[in-house]
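I have placed the structure first, in the form of C-alpha cells, so that the comments after it can refer back to it.
Number of protein chains: 2
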Amino acid sequence: MSARETRDHIVEAADDLFYRQGYENTSFADIAGAVRISRGNFYYHFKTKDRILDAVIEARLAKTRAMLDRWEREGETAADRIRCFIRILIVNRASIERYGCPVGTLMTELTKLGHSAQTEATKLFILFRSWLTRQFEQLGCGGKADDLALHLLAMSQGVATLINAFQDEAFTEREVARMEAWLETRAQDATGG
Amino acid sequence: MSARETRDHIVEAADDLFYRQGYENTSFADIAGAVRISRGNFYYHFKTKDRILDAVIEARLAKTRAMLDRWEREGETAADRIRCFIRILIVNRASIERYGCPVGTLMTELTKLGHSAQTEATKLFILFRSWLTRQFEQLGCGGKADDLALHLLAMSQGVATLINAFQDEAFTEREVARMEAWLETRAQDATGG
DNA sequence: GTCTATAGACGGATAGAC
DNA sequence: GTCTATCCGTCTATAGAC
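Residue numbers (the working numbering), protein chains in the order written: chain A, 1 to 193; chain B, 1 to 193.
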C-alpha cells in the first residue's frame, strides 16, 4: 500500500474516532487498531497527535466545501439551498443523537483543552457562516444576511445539542419545520414587504 | 476542617475544573492541587473519579434548583421569569465565551465518553425544561408550553455554542434581543389572539 | 543495495486506584 | 507512598520494491 493511501486511511479512521469518542479520549492505539497497522508504522506517517488533528480538520474542511458546492449546484433557489443546510439535522439525525454535531462538539472540546487547533476548527464554522451569508444575500436579505446566517447556525447548533441530549425524533421534526417556516418568512420579507 | 467541609471544597473545585477543562481532562492531582490537600486525604472522601462526578452533578442540580427558585420569587410575571433565563447568556457571557454552557458541554462530553452519568446529567436539562414549561403554561400557552420550553432551551444552547466559538459580543446581544422579542410575541399570542 | 513502508520493543511520564 | 495500566513518542529491525 502506498504511503498516501495509508495516510488517508489513518485520517479517515481518526476523523471517525474523534467524532465518536472525542479527540482527547482517542489514543494512538485506538486509531492504529482501527486502521489495522502497528503503532510503529503509525509514527512513520504522523509524528504527533496534533498533526493528525490538523489533517482531520483539513479533511473535514475539504469535505464540507465539497458538500456546500454540491448544495450550490443542486438547489435551484437560494431558499432551496438553505433548506439543504436545515435538513442535515434530519439526514444525520441518527449520528447526531449519539455523538452530537461534528463541528460543534469538536469546537467545544478544543476550547476546553485550550488547544492550538481552535483557530483551524473555527474555520469549519466560518465555512458554513459565509456560505449561508451568501445564500441570504441572494435571497435578497442584503445587510441582514450575516445576522441571519449566524442565527440559523445557532438554531441548528442548539437543536443538535438537544437531539443529542434527549434523542427525541418528534422534537427534531418540529424544530426543522420551525426553521423552514422561519426561512419562508425571511424569503417573503425580502421579496414582498 | 470537618470532613463535610473538606468534601464540599473538593466538589466545588472539581465542579470548577470540570467546567473549565472538561471532566476527562481533569486529573485527581488537578483537583487535589486546587483544594490544597494530599492525594491520600483525597481518597478518604472519594474512592473513584466517577463518584466525584456524581457529587458534582448533584451539586449542580442543587444550585440550579436554587437559582430557579430565586427567579420564581423575583420575577413578577411568567414573562419576567423567562427573561431571567434568557439573560443568563449575558450575565455569564465571559465564562461562556471561554468554556461554553456548563450544562451543554458536560452533556456533550459524557455522551462521547459513553459515561454512565449521562442520565444524571440529563436531569440538568430536564430541570430547565420543566421549569420553563411551567412558566409558559402560566403565560397561557397551554398545550404548546413544553414545545416552547424546548425551543427556547435549544436557542439558548445554540447561541452559547456560537458565543464560545466566535466570542462576538454584538452577536450575543442581538440574539438575546431576538429571544426577548420572540417571548413578547408568545405572550401576545396567549393573551390577545 | 538503497529506499520505503511496516513492525515491534523500549522509555519516560502520568493516570487512577489502593 | 506504591502499584499497575496506559499513553505518547523514539528507536531499531526488517521485508519487499525498484
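Note that CB positions come from ideal geometry on N, CA and C, so glycine has one too.
Extent of the continuous alpha helix (DSSP H) run through G114(A): Segment: none, G114(A) is in no alpha helix (DSSP H) and carries neither H nor E.
Distance CB(T64(A))-CB(L127(A)) smaller than 8 Å: yes
C-alpha gap between G142(B) and R174(B), whole angstroms: 28 Å
Nearest-angstrom Cβ-Cβ length linking A117(B) and D8(B), presumed shorter than 8 Å: Rounded, the Cβ-Cβ distance is 20 Å, inconsistent with contact.
Cβ-Cβ separation, L150(B) to F136(B) (assumed contact under 8 Å), whole Å: The pair is not a contact, with the Cβ atoms about 10 Å apart (cut-off 8 Å).
Same chain only: Cβ atoms within 6 Å of A14(A), ignoring 5 sequence neighbours per side: I31, I52, V56
Local conformation of D168(A) per DSSP, three classes: coil
Neighbouring residues, chain A, relative to Q188(B) (Cβ below 7 Å): Correct list: empty, because the minimum Cβ distance to chain A is about 17 Å.
Nearest to Y19(B) (by Cα), restricted to the options L106(B), K123(B), M179(B): L106(B)
Cβ-based neighbour list, E97(A), same chain, cut-off 6 Å, excluding 5 preceding and 5 following: I163, Q167
Nearest candidate by alpha-carbon position, reference W182(B), set L89(B), R83(B), T48(B), R73(B): R83(B)
E76(A) (DSSP reduced to helix, strand or coil): coil
Partners in chain B for Q135(A), counting only beta-carbon separations shorter than 9 Å: By Cβ distance, chain B contributes nothing, its closest Cβ being about 18 Å from Q135(A), past 9 Å.
N-terminal and C-terminal residue of the alpha helix (DSSP H) that E24(B) is part of: Premise fails: E24(B) is in no alpha helix (DSSP H) and is neither H nor E.
CA-to-CA distance, N41(A) to I10(B), given in whole angstroms: 43 Å
Straight-line gap, A187(A) to L132(B) (C-alpha atoms, nearest Å): 31 Å
Delimiting residues of the alpha helix (DSSP H) encompassing L124(A): 118-139
Within-8 Å CB hit, E206(B) to chain A: Residue 206(B) cannot be examined here, being either before or after the span of chain B that is shown, 1 to 193.
Cβ distance (whole Å) where G114(A) is taken to contact Q157(B) below 8 Å: Contact flag wrong, Cβ pair sits at about 22 Å.
Sequence-distant residues of its chain with Cβ nearer than 6 Å to A145(B) (five each side left out): T133, F136, E137
Simplified DSSP state of N41(B), which is helix, strand or coil: helix
8 Å Cβ cutoff, G158(B) in contact with chain A: yes
Contacting positions in the segment 91-103 of chain B - beta carbon closer than 8 Å to chain A: R98, Y99, G100
Own chain, CB closer than 7 Å to A121(B), minus 5 neighbours either side, in chain order: I57, L106, M107, L110
Collapsed DSSP secondary structure at K47(B) in the structure displayed: coil
Reduced DSSP category for R7(B) - H, G, I as helix; E, B as strand; rest coil: helix
Range of the contiguous alpha helix (DSSP H) that encloses R93(B): 93-99
Cβ neighbours of G104(A) in the same chain (closer than 8 Å, five flanking residues each side left out): Q157, A160, T161
Supposed close pair N25(A), E24(B) - CB separation, criterion 8 Å: 6 Å
Min CB distance N25(A) to chain B below 8 Å: yes
Cβ-based neighbour list, R75(A), same chain, cut-off 7 Å, excluding 5 preceding and 5 following: Per the sequence shown, residue 75(A) should be read as Gly rather than Arg. Taken in chain order, the residues that qualify are R81, C84.
Which of helix, strand or coil DSSP assigns to S2(B): coil
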